[in-house]
Every structure is written in C-alpha cells, then in structure tokens.
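Colleague:
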Amino acid sequence: MPQPQTHYFEVEIRLDDFHGEFVDFKMPVWTPGSYLVREYAKNVEGFTATSGGKSAAFEKPAKIPGGSFLKNLMR
752 MPQPQTHYFE VEIRLDDFHG EFVDFKMPVW TPGSYLVREY AKNVEGFTAT
802 SGGKSAAFEK PAKIPGGSFL KNLMR
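Each position in the sequence shown, counted from 1, maps to that position plus 751 in the working numbering.
#1: Indicate the three-state DSSP secondary structure (helix, strand or coil) for residue 782 in the structure shown.
#2: DSSP on residue 805, reduced to helix/strand/coil?
#3: Do you know whose CA, among 777, 760, 767, lies nearest residue 792's CA?
#4: CA-CA distance, residue 808 and residue 772?
#5: Thinking C-beta only, is residue 761 closer than 9 Å to residue 753?
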C-alpha cells in the first residue's frame, strides 16, 4: 500500500493456466457482522486486463443483470 492515507490498494491477479472464453470476477457487497450494503466494486479504479501482453476487452456489468429492464417494469 504505497499511500496508506488514500485507503487504496493495488491488486494484481494472474491466471497463468486459464483456457476458458472469459473470467467472471465478483466482489461481495456485504461485510460479516454489518447490515449495510457496501458496494465495494463501485470504487474500483484504473482496471486493466491483458492477455498475452496485449490489452484485452472487459466490461463492468450492471449491478443486477438485466437491471434496466427491472427499472422500466417497476415505474
């Protein structure tokens, strides 16, 4: 943690023997012992993905898959 006062961490994940089409990473929205929803994923910054040393496509999906449909349905 280069700058502790910022409360930011640098994280690197390596998948050296992965042969699938895609990887689906998920982060919890809760903390044990707490009743609050924290939504940690909204604070992810500077995310990059590479494959074979080249940039790889990625997306950060909606909080609820198909959530835009649910919003329109509940108006």
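Where is the CB? At the ideal position from N, CA and C, for every residue including glycine.
Modeller: On the basis of the supplied data:
#1: Correct three-state label for residue 782: coil.
#2: Three-state result, residue 805: strand.
#3: 777 is the residue among 777, 760, 767 whose C-alpha sits nearest the C-alpha of residue 792.
#4: Between the C-alpha atoms of residue 808 and residue 772 there is a straight-line separation of about 12 Å.
#5: Taking 9 Å as the Cβ cut-off, residue 753 and residue 761 qualify as a contacting pair.
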